[in-house]
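Novice: Residue numbers (our numbering): 15 to 179.
#1: What is the rounded straight-line gap between the Cα of residue 83 and the Cα of residue 21?
#2: Quick check: what's the CA-CA separation for residue 152 versus residue 78?
#3: Should residue 140 be labelled buried (16 or more other beta-carbon atoms within 10 Å of its own) or exposed?
#4: What is the DSSP secondary structure of residue 82, counted as helix, strand or coil?
#5: Report the CB separation of residue 70 from residue 56 in whole angstroms; it is logged as a contact under 8 Å.
#6: Which runs of the alpha helix (DSSP H), 4 residues or longer, sit entirely within the segment 82-137?
#7: Per DSSP, what kind of secondary structure is residue 60 in: helix, strand or coil?
#8: What do you reckon, are the CB atoms on residue 67 and residue 60 nearer than 9 Å?
#9: Please determine, among 109, 160, 16, the residue with the shortest C-alpha to C-alpha distance to residue 126.
#10: Helix, strand or coil for residue 171 per DSSP?
#11: Roughly how many angstroms separate the alpha carbons of residue 40 and residue 18, rounded to a whole number?
#12: Hey, how far is the Cα of residue 23 from the Cα of residue 45?
#13: Please identify the residue among 65, 142, 124, 54 whose C-alpha is closest to the C-alpha of residue 75.
#14: Would you say the beta carbon of residue 168 is closer than 8 Å to some non-hydrogen atom of the ligand GDP?
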């Protein structure tokens, strides 16, 4: 049963049952020493065969704007981006292992990685069985035959991104 400050759910996560409980509390920035805070919450997650995990959350939305059930759902939905673009950047582009530390250099590298990801998405949409294609497949296709496909795409007026699948 959900209340404005307490909500829970049982669902499947990674093929295993997971219990999630969120308890929120109205607060002020002065009370928690964090700017613009209107609410804080503790989210307890328990995935079978794992120790329970508790994380703290903060938001600038008042309880009237974001109740516990909405917050619990929004927290789960926020992971959608992590399994899409961020996963590609972390895994295929090795973003988390980057040794670049200067802000301007990080920004340029981020732009190139996102450009590469956009090219991958375009390439994937033109492949047979696109759902089975990964960023690694794209890199392999562009690197094939001494980068022949990548160079053709750079020089073509209208690149087709058609490669041998």
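Ideal Cβ positions, reconstructed from N, Cα and C, are used throughout, including at glycine. Remember, predicted model here, so these are calculated numbers, not experimental data.
Specialist: On the basis of the data shown:
#1: 5 Å
#2: 47 Å
#3: Under this definition residue 140 is an exposed residue.
#4: helix
#5: 6 Å
#6: 82-91, 93-96
#7: strand
#8: yes
#9: 109
#10: coil
#11: The C-alpha of residue 18 is placed about 11 Å away from the C-alpha of residue 40.
#12: 29 Å
#13: The shortest Cα separation from residue 75 among 65, 142, 124, 54 belongs to 54.
#14: Ligands in the displayed structure: none, and consequently the ligand GDP is not present.
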